[in-house]
Amino acid sequence: MKAFRIIAFLEGVSYLLLLGIAVPIKYINADPSYVKLLGMPHGILFIAYVALAFTFQRRRTWDIRQLSVVLLCSILPFGTFYADKKFLR
2 MKAFRIIAFL EGVSYLLLLG IAVPIKYINA DPSYVKLLGM PHGILFIAYV ALAFTFQRRR
62 TWDIRQLSVV LLCSILPFGT FYADKKFLR
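Each residue of the sequence shown is one higher than the one before, starting from 2 at the first, in the working numbering.
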């Protein structure tokens with residue numbers, strides 16, 4: 002569970018950096034390098050988050066609604082922080 006919480010935190014931070022810094026720089030300065038730099042790590046963390054959600058769904062016996070909320074949190078800004086507080090502790 003500790004690994005899932007760490008991945009959730011890192012995924013949330015990478016998503017916020019991507020949306021809050023890299024994307025505005027891309028469109029304001031026409032410089033996509035930050036999106037390229039942050040995009041790959043975020044993608045890997047996103048895939049790890051989703052895979053761990055399915056793994057822990059079986060271990061924690063989450064019903065489909067709980068799993069759906071945890072998965073939805075992966076695409077919402079600040080969502081992984083909510084999932085950590087509500088489902089991962």
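Cβ coordinates follow ideal geometry from the N, Cα and C atoms, glycine included.
Keep in mind it's a predicted model, so treat the numbers as computed, not measured.
Close Cβ partners of residue i (< 6 Å) along its chain, the five nearest in sequence each way excluded
i	result
residue 71	54, 84, 88
residue 68	58
Burial state of residue i (16 or more Cβ within 10 Å)
i	result
residue 52	exposed
residue 56	exposed
residue 8	buried
Candidates the options: closest to residue i by CA position
i	options	result
residue 2	50, 76, 74	50
Same chain, Cβ closer than 8 Å to residue i, five either side skipped, listed in chain order
i	result
residue 35	22, 23, 26, 27
residue 19	36, 39, 40, 43
residue 12	43, 46, 47, 49, 50, 75, 81
residue 73	80
Other residues of its chain near residue i: CB distance less than 7 Å, five sequence neighbours each side excluded
i	result
residue 5	53, 57, 89
Runs of alpha helix (DSSP H) lying entirely within the region 16 to 68, each at least 4 residues, in chain order: 24 to 30, 34 to 61
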